[in-house]
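In terms of our numbering, the sequence shown has 46 at position 42, counting the first letter as 1, and numbering is strictly consecutive.
Below is one structure, written out as structure tokens; the observations come after it.
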Amino acid sequence: MTRPLKLVRPPPPPPKGAFVGDDAALVDGFRQGDPGARAALYDRYADHVHRVLYRLLGFHRDLADLHHDVFVRALGSLPGLEDPSALKGWLTMIAVHVARSSITRTKRRSWLWFLPSEELPEVESGAASGEVLDALRATYVVLDALPVDERIAFALRFIDGMELTEVAAACDTSLATIKRRLARASARFGAEARKQPVLEAWLEGGTRWGNPSDR
Numbered sequence: 005m006t007r008p009l010k011l012v013r014p015p016p017p018p019p020k021g022a023f024v025g026d027d028a029a030l031v032d033g034f035r036q037g038d039p040g041a042r043a044a045l046y047d048r049y050a051d052h053v054h055r056v057l058y059r060l061l062g063f064h065r066d067l068a069d070l071h072h073d074v075f076v077r078a079l080g081s082l083p084g085l086e087d088p089s090a091l092k093g094w095l096t097m098i099a100v101h102v103a104r105s106s107i108t109r110t111k112r113r114s115w116l117w118f119l120p121s122e123e124l125p126e127v128e129s130g131a132a133s134g135e136v137l138d139a140l141r142a143t144y145v146v147l148d149a150l151p152v153d154e155r156i157a158f159a160l161r162f163i164d165g166m167e168l169t170e171v172a173a174a175c176d177t178s179l180a181t182i183k184r185r186l187a188r189a190s191a192r193f194g195a196e197a198r199k200q201p202v203l204e205a206w207l208e209g210g211t212r213w214g215n216p217s218d219r
């Protein structure tokens, strides 16, 4: 039986003046002063950078400012990037540094507990239930109790779902070091999470750590 033909519209052409090319070409275009390269950097990776920051910090008053800071730093350092094809991983590393500075600077309990729910920023999923919001709050309260380097490794691996090699690259350290941090972080997280009633069922399920908003 023959299948009916489907008419597929070709993708629309890029806007006039838009940058076209892979990451290596984008970096080269930026170095050459191509005005479209700067916009292309943001268009390609704004969502990725936001996701990394969100996974590391949870609900955060200054998330938009930190997101902006990542790109300010990136634009200032981009001409010196040694491997243009590694642009995404390099941006991830900058996002990790920005998040780490924020965590170190504001090391305190989450302000979420003191805000009415209607004032909370929207979660990434866009349609989270009250139960999920409570689990997210509790998760990031637990993360606040972890040493900053362990927290970052844990969040990148078990909340964002990065591969071990990606986590090591983002943290600018060795694979062996990341494995040690993850082992310590997992033990600490489990111990602290058991103090949070809202996470009890999650822990008893025996599921590997993950983002509650994805469940």
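Think of the CB as a built atom: it goes at the ideal place given N, C-alpha and C, for glycine as much as any other residue.
Remember, it's a predicted structure, so these values are computed and weren't measured experimentally.
Buried or exposed (CB count within 10 angstroms, at least 16 for buried), residue i
| i | result |
| --- | --- |
| R185 | buried |
| G40 | buried |
| A180 | exposed |
| H72 | exposed |
| A191 | exposed |
| V74 | buried |
Rounded separation between residue i and residue j - CA only
| i | j | result |
| --- | --- | --- |
| V171 | R161 | 6 Å |
| A173 | D138 | 32 Å |
| A90 | T169 | 13 Å |
| R109 | G33 | 36 Å |
| I98 | A29 | 20 Å |
| R59 | A103 | 10 Å |
| E123 | L207 | Reliability fails at E123, whose pLDDT of 40 lies under 50, so the model's placement of it is uncertain and the value that follows must be treated cautiously. Straight-line Cα distance between these residues: approximately 29 Å. |
| T177 | H64 | 26 Å |
| E126 | E135 | Low local confidence applies: a pLDDT of 45 at E126 is under 50, so the model's placement there is unreliable, and no value is given. |
| L85 | R198 | 43 Å |
| G62 | W94 | 22 Å |
| R155 | E167 | 16 Å |
| P83 | I182 | 29 Å |
| V24 | A189 | 42 Å |
| D38 | E196 | 50 Å |
| G194 | A157 | 15 Å |
| R35 | K92 | 17 Å |
| V146 | R77 | 30 Å |
Closer than 8 Å: residue i CB and nearest the ligand NAP heavy atom
| i | result |
| --- | --- |
| F63 | In the structure on display, the ligand NAP does not appear, and there are no ligands present to speak of. |
| said: Is it the case that the stretch 183 to 203 contacts the stretch 142 to 160, given that we only count it when at least three CB pairs across the two stretches are under 8 Å? | reply: By the Cβ rule, the stretch 142 to 160 counts as touching the stretch 183 to 203, because three or more pairs are nearer than 8 Å.
| Does the stretch 40 to 51 come close enough to the stretch 148 to 157 that 3 or more CB-CB pairs lie under 8 Å? | No, the stretch 148 to 157 is not in contact with the stretch 40 to 51.
| query | What are the start and end residues of each continuous alpha helix (DSSP H) run of 4 or more residues lying completely inside the stretch 47 to 122, in chain order? | reply | Counting only runs of 4 or more, we get 67 to 81, 91 to 109.
| Which full runs of the beta strand (DSSP E) of 3+ residues lie inside the stretch 130 to 186, going along the chain? | Runs of the beta strand (DSSP E) inside the stretch 130 to 186: none found.
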